[in-house]
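In the working numbering, the protein residues as written are 695 to 1440.
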């Protein structure tokens, strides 16, 4: 099992900038940290082997190991104040809820609780609504025994009359189910005559446990949606509960303490109180916003047009934004360090951890080529649990699943957060992913159990080291730019470069990323798309929180979970989510090819097509025989065409001047068309029968003297090192790069 894990506060930095590293050790008293440049991370003995270069820095040395914990689970926090302790005569609390795991145990809906003082509206042990009260010495809980039904809307709440010592608890289904669910009200007398004061914050969707270094640690996390939570001084007439729970805040009079409206400030972490007290707060650990509320009935579909129908927040007990660990050491990037992929390497005996990061060049000292590192895709797959928890995993990859130490560790540590391919503990899809936590599958020396074909079962970051190794082997100077850099800086991030090389799987793209690449191409940039299934999902980065992305898996595409109806628009930006294909920007518009099929057993090869004999493509095939199979070898599945494949499609945007240079063939029936490629489920969707199951290699010129070369396969890079880099995949790639770096316009 993994004993050392860590992460950094940044993914990239320039000379003079500082990156902080946070580390947790379990049973490890000390470790040595070094900075290394990562060249090749594939341990396969059939390949070049692991290559890394030690970099002498002030970081090098031994550090004390310590255990740092992650506290997952989302909630909203309202700072303590006088108004939240003024309940001498009692209180009334209400909310609309849509619980997803009501049988999971005690879950707090709203609480001002510390020790044995305060109040908490909860889902009780029986699965029904309960009110917990404490006066500082004694605690009493009054609850309804009938359990809530999952994924049904309820008006819930309680009222406490301190003078009479009487409590009423309410559980009202908005759409009762005959013989199964009905209105429930319970009335009980209690011995308490006051609510104990405390200085804890008020929490929504959790109960305050303690505060560490200014960070709220919570318990009793709630799973599900909450809408319109309200708090009033004093007790109301029980017969008026429904009216009060549904009333506009302005009509509730001077007894109103707070009325939070989650339809306000959806793009932010802010939760807004409409009462005169303005008891505003903020969410913690990124609960899902822009989710439908109790009044949504199928229209409109866009939350930005009528946010009042999206006045709920979906909380999860496994949400996570920032692990919140303390810094163990920091690196100020030395002036002499060239651009590249680096890592903090941590070692203690047999235990080892890498925390990768990118060094960017000094401004004005850029190379002519840049590798665009697919960090958004790494974040999408971050800590994915598909190997263990995926549905029909072995059928999907057509082989037995291999559980690696990373998989077993993540299975035992759900607090490390999910990938965008996972489901939350309540079954809902994970639509946010953060890099401010240990991302255990963004590492060298890592194999992937769920995808990737043997013998090198690589995916994402480690697969991309096949490209950095090849660039190093041919002596090519290059810089590295991350997706996050491209999103933040736009065209400026690419402007210095004549050629940009993508990684093997640049799947996730924000609008600023897409626009910047398009603008760079129009100015004469030369794009080498070295992978498959690129430019596929539209994502959004959070407008103020660094290092977090959002995806909404709308309508179609390869999906491990579907976005619910009415939740197709990003909460971070208000943009329509889903495939770029459905935004009128198919991958073929960017790269000339787009995702067509996938399979994970064996990779195949390419055969030259007529386009390869066009004089315009002569430079690409210099030294390549007419009848030569291209890439019938490789570390990933045994060939250069594999895993996920892209094809040319003029109807989707492949430019009319594009040359189809080569096409893969002879794929197995483990390769199947992706859903957007067919309208009916009919026989003949597999690689042995369907002509759309293929990878197309294309080339075309662009305005401004630029050009695009695309390989159409994730496995392509795994063939570069074959025969000590002397092979036709390497030759073609080098021919293209050499010409793309030539300033002569196309």
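Don't be surprised by glycine CBs; every beta carbon is placed ideally from N, CA and C.
Starting from residue i, follow the beta strand (DSSP E) in both directions and report where the run begins and ends.
| i | result |
| --- | --- |
| residue 1410 | Taken as a continuous stretch (DSSP letters only), residue 1410 belongs to no beta strand (DSSP E), as it is neither H nor E. |
| residue 1220 | 1220 to 1223 |
| residue 1434 | That residue, residue 1434, is in no beta strand (DSSP E); its alpha helix (DSSP H) goes 1422 to 1435. |
| residue 1210 | Looking at the DSSP string, residue 1210 is not in any beta strand (DSSP E); the run it does join, the alpha helix (DSSP H), is 1205 to 1216. |
| residue 985 | 982 to 985 |
| residue 1044 | Element bounds for residue 1044: n/a, residue is neither H nor E. |
Name the two residues that bound the continuous alpha helix (DSSP H) containing residue i.
| i | result |
| --- | --- |
| residue 1074 | 1069 to 1074 |
| residue 1161 | 1155 to 1167 |
| residue 1083 | 1080 to 1083 |
| residue 1181 | 1177 to 1183 |
| residue 1104 | 1099 to 1106 |
| residue 1283 | 1281 to 1285 |
| residue 940 | 935 to 940 |
Would you check if the distance between the CB atom of residue i and the CB atom of residue j is smaller than 8 Å?
| i | j | result |
| --- | --- | --- |
| residue 1441 | residue 798 | The first residue shown for the chain is 695 and the last is 1440, placing residue 1441 beyond what the model contains. |
| residue 1241 | residue 1340 | no |
| residue 1337 | residue 1408 | yes |
| residue 1314 | residue 1426 | yes |
| residue 1186 | residue 1227 | no |
| residue 899 | residue 768 | yes |
| residue 981 | residue 1011 | no |
| residue 657 | residue 1224 | Within the shown structure, residues of the chain are numbered from 695 to 1440, placing residue 657 beyond reach of any answer. |
| residue 827 | residue 923 | no |
| residue 987 | residue 1000 | no |
| residue 818 | residue 935 | no |
| residue 1363 | residue 1347 | no |
| residue 1297 | residue 1332 | yes |
| residue 1017 | residue 840 | no |
| residue 1023 | residue 706 | no |
| residue 868 | residue 849 | yes |
| residue 1299 | residue 1325 | yes |
| residue 782 | residue 1047 | no |
| residue 784 | residue 890 | no |
Residue i to residue j, Cα distance in whole Å?
| i | j | result |
| --- | --- | --- |
| residue 774 | residue 1248 | 40 Å |
| residue 1292 | residue 1365 | 5 Å |
| residue 855 | residue 996 | 42 Å |
| residue 830 | residue 843 | 33 Å |
| residue 715 | residue 1303 | 50 Å |
| residue 1098 | residue 732 | 22 Å |
| residue 1334 | residue 1412 | 7 Å |
| residue 1414 | residue 1279 | 30 Å |
| residue 1102 | residue 1078 | 12 Å |
| residue 755 | residue 1128 | 29 Å |
| residue 940 | residue 1189 | 55 Å |
| residue 1453 | residue 787 | One cannot answer for residue 1453 here, as it falls past the ends of the chain, which runs 695 to 1440. |
| residue 823 | residue 1071 | 41 Å |
| residue 651 | residue 989 | What is shown of the chain runs 695 to 1440, which leaves residue 651 out entirely. |
| residue 800 | residue 1152 | 42 Å |
| residue 884 | residue 929 | 14 Å |
Would you decide whether residue i is buried or exposed? Buried here means 16 or more other CB atoms lie within 10 Å of its CB.
| i | result |
| --- | --- |
| residue 703 | buried |
| residue 1307 | exposed |
| residue 1030 | exposed |
| residue 1076 | buried |
| residue 907 | exposed |
| residue 763 | exposed |
| residue 1141 | buried |
| residue 933 | exposed |
| residue 748 | exposed |
| residue 695 | exposed |
| residue 1418 | exposed |
| residue 1176 | buried |
| residue 1232 | buried |
| residue 1351 | exposed |
| residue 1040 | buried |
| residue 1156 | buried |
Identify the residues that DSSP records as bridge partners of residue i: which are they?
| i | result |
| --- | --- |
| residue 801 | 817 |
| residue 1015 | DSSP, once it has assigned bridges, lists no residue as partnering residue 1015. |
| residue 745 | 734 |
| residue 719 | 698 |
| residue 854 | 785 and 861 |
| residue 1344 | Residue 1344 is not bridged to any residue. |
| residue 910 | 905 |
With a threshold of 7 Å, establish whether the CB of residue i neighbours any heavy atom of the ligand HEM.
| i | result |
| --- | --- |
| residue 909 | What this structure holds is no ligand at all, so the ligand HEM is not there to describe. |
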